[in-house]
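Shown next, in C-alpha cells, is the structure this report addresses.
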Amino acid sequence: MTTDTSRQLRPMRAADAELLLAWRNDPAARAASHSQAPVSPATHGAWVAATLASAERRVLIAELDGLAVGMARLDREAAGQQLSWYLSAAARGKGLGRWMLAEVLLSVSGPVRAEIKSGNLASVRIAEAVGFRLQRAAQGVLHFQVE
Ligand SMILES: CC(C)(COP(=O)(O)OP(=O)(O)OC[C@H]1O[C@@H](n2cnc3c(N)ncnc32)[C@H](O)[C@@H]1OP(=O)(O)O)[C@@H](O)C(=O)NCCC(=O)NCCS
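Numbered according to our numbering, the sequence shown spans residues 8 to 154.
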C-alpha cells in the first residue's frame, strides 16, 4: 500500500490478538474510547474471531520496520465507514498517527467519519491534517468526516 518499505499497513491476523488486547487496554487508549472498562481476554478473543469473519469491519495493522505499532479500524455503516485508531504507547509522538490515517484513507472510497473526544488534541490534529472536517460536537465528542 505504500512505497516507503519501513512503514506498512497490512490486514489484521489472528496472531495479532494478544498485541491488540494490550493496546486496547492501555490507559490512554481506554481514555480515548467510548467504553473505558478494560476488555477481558475472552471478550477480545470473540471480537477478533468476529472481526476476521466480518465483511463489515476491516482492521489494519501499521508496521514500522516490521514491528506492529498501531491499528486502524473501519466499520461499514449505512452512509460510509467509521474509522477509529490507536498506536502502541512506544510509537506515539513520532508522526506515525498522521501517516497511518493518511495511508488508511488511500485505501477507502466514500465518506469516512470519526468520533474523537474533545480533549484528544493529538487525534484532532492528525484527523484534520488528513482532511477530516468537524461536523458537530455533542456531549464531549467531536464528530468529524472526510468525503
Ligand atoms: C492519538 C494518537 C493516534 C496520535 O498519534 P501520534 O502519532 O502519537 O501523534 P503525535 O503525538 O505525533 O501528535 C500529532 C500532532 O498533534 C500535536 N499534539 C499532540 N498532543 C497535543 C496537545 N496536547 N495539544 C496540541 N497539539 C498536540 C502534535 O504536536 C502533532 O502535531 P504536528 O502533526 O503538527 O506535529 C496516539 O497518541 C494514540 O494512539 N493515543 C492513544 C489512543 C487514542 O487516542 N486513539 C484515538 C481515539 S480517537
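Backbone N, C-alpha and C fix where the C-beta goes; we use that ideal spot for every residue, glycine too.
Euclidean distance between Cα positions of residue i and residue j
i: R99; j: L112; result: 20 Å
i: L94; j: E63; result: 22 Å
i: R132; j: L59; result: 30 Å
i: N127; j: A109; result: 18 Å
i: A86; j: A136; result: 23 Å
i: R37; j: A69; result: 19 Å
i: V76; j: R14; result: 10 Å
i: A121; j: L90; result: 5 Å
i: L141; j: G104; result: 18 Å
Residue i: CB within 6 Å of a non-hydrogen atom of ligand 1
i: N32; result: no
i: S130; result: yes
i: R99; result: yes
i: A39; result: yes
i: G52; result: no
i: L103; result: yes
i: L71; result: no
i: A75; result: no
i: A35; result: yes
i: L94; result: yes
At which residue ranges does the region 88 to 123 contain complete alpha helix (DSSP H) runs of 4 or more residues, listed in the order of the chain? 103 to 113
Closer than 8 Å is the cut-off here; do at least three beta carbon pairs connect the region 21 to 34 with the region 49 to 65? yes
Closer than 8 Å is the cut-off here; do at least three beta carbon pairs connect the region 74 to 90 with the region 115 to 125? yes
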